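A short worksheet on the structure shown next.
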Ligand code: PHE
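In our numbering, the protein residues as written are 12 to 456.
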């Protein structure tokens, strides 16, 4: 452990905001709404909350404990606790980082472009045609690369000077934007119909394995779990931190933002009679429906649209930073690379992989199914088995240090042994099946 030389967060708030920044992102605003629409409204939301509590929280605490305990990036941290046999899991995290940040940069590029357009040209009336033109090709690639450069700049600034500084400014801004937008949406005429859609459900959807699979994948994606992001951030923590408290704080803030984003999206969509667009939901629906809504709202639409896209960009940036940090910290710890160099090199390689998805939206969807769902669920399964069955009481000891709520850890080991792994295993099978179908569809179409 390099306790002496390794950088640390300068304040407790700095860590919390950076971790919340990692969790809150396109996952909350774009993915959450489209998943909710695709999976029958409130049933999905309920399952998502349940899975966040039953699976997300325990795994989050595993990542925080291992990261802080080892004080190293994923490969070294897992080796420190479990020996060489567990190093490949750390490598898998790096692969997940590549895949997820690869296409995440493209989505964030679209979003950044919309934010600029809101100011410069306004939202075009034919939103679908506009999105069709910008979603893939040179322009998508150019905006992706621009966004990635910004991400690299922050990460190369280091933990305190880059990541923490950015989070301290950006996260409060994002909170204000989302709350302000939800209040505004409440004043719209069709708001009530939007809320009704959001909160109504067919309750049998709760028992649908596909809904369960999507809710679990969404919980992992949204909480940044299963690929070492939380582990890496926790590796810059000192022993005095209260990990259970941080885990609850991060999960609760993440859900709150997703929930409030739903309070923005659904009223907007219903107020403008665009609900058909959403139920015919595809990955791009939100990038078409909302700009369409903004386009019909005249000047107000430009202002509101800009603020909405700005919130998305801010969330995307703080998440992308954490994705890149997993890969960069590994390059630094593993090969002794200098930070700025590692940031540009890793960021460049990830962007190159992401270009595939910038030129083909089918590949983008595929990367999301495999990276955003399958790999994260698999990573979470491995982490829970590792903590529950290999480390056992050792992980408990680590989590106990610094906590004022030791009672929180009462059922934790039991969950990590008997509840989380079987549940994730079943979900993993469904995820593999979904990835397989997606792959076959892509190859066939
Ligand atoms: N949680 C982020 C979001 O919701 C995405 C992310 C996934 C970030 C995995 C880091 C690791 O947008």
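Yeah, the Cβ is synthetic: ideal placement off N, Cα and C, and Gly gets one too. If you're wondering where the values come from, they're calculated on a predicted model, not measured in any experiment.
- For residue 166, the shortest separation between its Cβ and any heavy atom of the ligand PHE does not lie below 8 Å.
- By the CB criterion at 9 Å, residue 88 and residue 246 fall inside the cutoff.
- Residue side-chain check: residue 159 keeps its Cβ at 8 Å or more from all non-hydrogen atoms of the ligand PHE.
- Inclusion of residue 209 and residue 284 in the CB contact set at 9 Å is not warranted, their separation being larger than that value.
- Restricting attention to alpha helix (DSSP H) runs no shorter than 4 residues, the segment 214-267 encloses them at 220-234 and 240-245, ordered along the chain.
- Residue state for residue 22 is assigned as coil, using DSSP reduced to three classes.
- Looking at 199, 26 and 139, the one whose alpha-carbon comes closest to that of residue 180 is 26.
- Note that the C-beta distance between residue 380 and residue 445 is below 9 Å.
- The alpha helix (DSSP H) runs lying completely inside the segment 79-117 and spanning 4 residues or more are 85-93, given in chain order.
- Counted as a single uninterrupted DSSP element, the alpha helix (DSSP H) harbouring residue 409 occupies residues 404-411.
- A straight line joining the alpha-carbon of residue 140 with that of residue 298 spans about 11 Å.
- The residue from 438, 133, 453 and 451 with its alpha-carbon nearest to that of residue 222 is 438.
- Residue 71 places its beta carbon 9 Å or farther from that of residue 211.
- Your pair residue 243 and residue 337 checks out as a contact, with CB atoms roughly 5 Å apart and the cut at 8 Å.
- Taken atom to atom, the span from the alpha-carbon of residue 151 to that of residue 450 is near 23 Å.
- Cβ atoms of residue 420 and residue 411 come within 8 Å of each other, at about 6 Å.
- Between the ligand PHE and the CB of residue 33, the shortest heavy atom gap is smaller than 8 Å.
- Membership of residue 337 in the alpha helix (DSSP H) is indicated by the continuous run 309-346.
- Between the segment 390-405 and the segment 167-186 there are fewer than three C-beta pairs closer than 8 Å, too few to call the two in contact.
- Residue 203 has its alpha-carbon roughly 42 Å from the corresponding atom of residue 166.
- Across the structure, residue 237 and residue 310 are spaced so that their CA atoms are roughly 42 Å apart.
- For residue 238, the shortest separation between its Cβ and any heavy atom of the ligand PHE lies below 8 Å.
- Note on geometry: alpha-carbon atoms of residue 96 and residue 199 lie some 57 Å from one another.
- Remark: C-beta atoms of residue 315 and residue 194 do not approach each other more closely than 9 Å.
- If you draw a straight line from the Cα of residue 61 to the Cα of residue 67, it comes to about 9 Å.
- Counting only residues of its own chain and dropping the five nearest sequence neighbours on each side, residue 98 has a CB closer than 8 Å to the CB of 86, 89 and 90.
- Per the Cβ contact rule, the segment 106-116 is not in contact with the segment 265-281 (fewer than 3 Cβ pairs under 8 Å).
- Within 8 Å of the C-beta of residue 361 there is not a single heavy atom belonging to the ligand PHE.
- In the assembly as shown, residue 74 is a buried residue. Its beta-carbon has 16 or more other beta-carbons within 10 Å.
- In this structure, residue 383 lies near residue 232, with their beta-carbon atoms less than 9 Å apart.
- Burial check for residue 122: the Cβ neighbour count within 10 Å reaches 16 or more, so the residue is buried.
- Here the alpha carbon of residue 126 sits roughly 15 Å from the alpha carbon of residue 146.
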